[in-house]
Structures are given as structure tokens and as C-alpha cells.
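Below: the structure, in C-alpha cells.
Residue numbers (the numbering used here): 180 to 585.
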């Protein structure tokens, strides 16, 4: 019990002192602390994973490596990025007050406490409560603003966050029951939830940014979104996830993958990504969406070949599609929401290439081509990408907005 309170106390100290030791600006918007922590934690997790993989380090947790690795990359790293985006975007969507200051510190505190407890607490039950409480608090804090959103499509965030909460609880139920298979299934469920969120965010922002960039009279604003396609896009990813969980390796699963590929291909073709010139962040968003399409292809091909490998498609999505899309958006947000001109540094441009190469290496490793070498190289490149982001933006994330900021 003493270890539990030590972890919580450390998290509380870090959250409280962060505003003093760093800057009050850090707590002025959700993306600032959460993007900072996500980039740092993502790089740290992968370095530790590589050390464990090479036999140079033992995990502080009693969990099997694949459960520890999967949970923290999803519920630690990816959720921090997603939360930072939602907290930052919601005020402009709903016209609501931004969650900042003390309320933001409590969100960060819960995230930190969940991570520390997951690493060091001997009580997985207490860890489960604290880690899941993060989603409860997040939902309660954003609910009033989200309920006032004029565009009802944003209400999709409610079931998405509830799915994250449910899969996290599902994971801990499996762990506490000694059922690694249940815990692994929960992690896959969280990946499919992340794919629904990806489809929502990327499918909303990529065409909007592209339309603004192209300024084409032949593509009126009223035709950016076709409701039938947008509804099918959500349904197809839900079916993809459901069949992946309960009909893996069957023709049903392959059919769902094909359906999702066709729907999202039609959706993407309407965005005219081939016409984008000069905006590297926007190009990366389109490339990331191609990675999303390839995720459907990878799983469908595996199902039809009789050698299904869910992890192959999952890593293609998490390392490639999600990683590229989020690094692009995190770069754009860090500039725009601090009053700066959007001008990504060369190190970030290099990071995009490295992340794409890391995803390709992980794909080849999944096909058992130079597996150990490619796994190590892929993880190293991916980790460096987030260190590049951290190096490029840490001063911006903890510093004040420029005067021209809205």
C-alpha cells in the first residue's frame, strides 16, 4: 500500500510543481502538457521495449512483455495524444471554455498516476481504478461543452471515449483473472477504438485543410462531406473491429476488411490529395490515410491466405497511419495554437520519413524477413521521431503564446 501512495504522491508533486518550475503557459491548453508527455513517454517506452527485447533489461512489472508494451503504448502514449487533441479542439468546435489551469492539472495528474502505478504498484486492482478514472474525469469535464456542439457528428466522441474506458477495464479484468488472452483481446479492442477515432479526426480535418489549401471553385464547401459516405466510413471501421475481435481469420473478417477498404478509398479519392502542393504537413496527412487503407488490405490478405496475423495490420496502423497523422497534427497545433506561423522545422520533415520507414520495417519484420534486425531498427527510428518532436517543440509547448495568437 505504501508503494501506491508513493506513486500517487510523486504524480501529484509533478503536476503541482510543473506550473511553477516550468511555466504557467504549460497549463493554458490541453495539448501543451499532454503532447509534451506523450512524446517523451512514447520515446521512453520504445527504448525500454528495445532493451527488454535485446535481453538487456527486465521489466519492473510482472506482466508479460506484450501486455505491458501494448497497454502503455495505447493507454499511455496514444490516449495522451488523443486527449490533448480533444481538449484543444473542443472549444473551437463548441465555443466552450477551454479546460485549463487546475482542471487540466488534475487530468495530467491522473495520467501520471496511472503510468506510475502501472509500472511500480504491486496492486493491479488499485492501478485499474486510478487508470480508468482518467477517462471518467475526462468525459465529465468535456461533456458540457460537447453537448452544446452544433454539429452533432462531434457527439461520436462520447461513445469513443466510453469504448476506451470499457477496453481498459476489460484489460484489467483479464490481468486480474490471470487470463492473458482476455487482456490481449482488450488491447486489440482499444486499437480498433483508436481506428474509429482516427477515421473521425482524419476524415474531418484532412478534407477541410485540403479544401482550404486548394481553394478550388470546382469543389464547393457544401460538397466536402457526403453524409452517406461519412456514415458508411464509421460503420465500416466498427464492422472491421468487431469481426477482427470475434471472427478473426475467417472470410467474414476478410469481407469486412474489403468493405472498409472500398468505403475509405472512395472517401479519400474525393479529397484530391494528388493536387496538394507545397504543404508538407497536409501531404503527410494524405499519406497517413493511405496507411490506414493498407491496414485493411493487410488484415484482409492475412485472413484469405489462411495465415491471419492481426498484429501485422495493427502495427501498420499504429506505427504508420496513426503515427504520421498525429505527428502532422501535433506539429500544426503546436504552431497554430501558440500564435506562430506554421513552418515545420527540417528535423520534423526528417521525422516523417523516418516514421514511414519504421512502419515499413515493422511490416517486413512481421513477414519474418530479417525479423530481429528490422524490429530493432523500426523501434529505434520510431523512438527518434518522437525525440525529434520533443526537441523541436518543448520550448513552444511550455512557453507563452505569441502576441498575434487568437
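For each residue, glycine too, the CB sits at the ideal point set by N, CA and C.
At 4 residues or longer, and completely inside the stretch 305–358: list those alpha helix (DSSP H) runs for me, N to C. 336–355
Quick check on the DSSP output: the alpha helix (DSSP H) that includes residue 503 runs from which residue to which? 502–515
Going by CA-CA distance only, name the one from 427, 442 and 213 that's closest to residue 485. 427
Residue 563 in three-state terms, based on DSSP: helix
Which same chain residues, not among the five before or five after residue 536, have their C-beta less than 7 Å away from its C-beta? 560
Where does residue 402 fall in DSSP's three states? helix
Tell me the residue span of the alpha helix (DSSP H) that contains residue 528. 525–545
Can you confirm whether the stretch 564–577 touches the stretch 521–538 when touching is taken to mean that 3 or more C-beta pairs between the two stretches lie within less than 8 Å? yes
With 16 other CB atoms within 10 Å as the buried threshold, where does residue 251 fall? buried
Does DSSP put residue 391 in a helix, in a strand, or in coil? helix
Neighbourhood of residue 309 by C-beta distance below 6 Å, restricted to the same chain and skipping five residues each side: 292, 293 and 296
Quick one: what's got a C-beta closer than 6 Å to residue 467's C-beta in the same chain, skipping five residues either side? 500, 503 and 504
How should residue 574 be labelled, buried or exposed, when 16 other C-beta atoms within 10 angstroms of its C-beta is the threshold for buried? exposed
Looking at C-beta atoms only, is the number of pairs between the stretch 221–233 and the stretch 468–485 that lie closer than 8 Å three or more? no
Below 8 Å on the Cβ atoms is my contact criterion, and I expect residue 495 with residue 538 to pass it. Report the Cβ-Cβ distance as a whole number of Å. 6 Å
For the ligand SAH, is there a heavy atom less than 8 Å away from the beta-carbon of residue 250? The ligand SAH is absent from the structure shown, which contains no ligand whatsoever.
Which runs of the alpha helix (DSSP H) at least 4 residues long sit entirely within the stretch 405–467? Give them in chain order. 406–425 and 430–448
Output the boundary residues of the alpha helix (DSSP H) element that contains residue 267. 258–273
Kindly indicate if chain C contains any beta-carbon less than 9 Å away from that of residue 376. In the displayed structure, chain C is absent; only one protein chain is listed.
If contact is defined by three or more beta carbon pairs under 8 Å, each pair taking one atom from either stretch, is the stretch 333–351 in contact with the stretch 309–318? yes
At the level of alpha carbons, what is the spacing between residue 519 and residue 551? 42 Å
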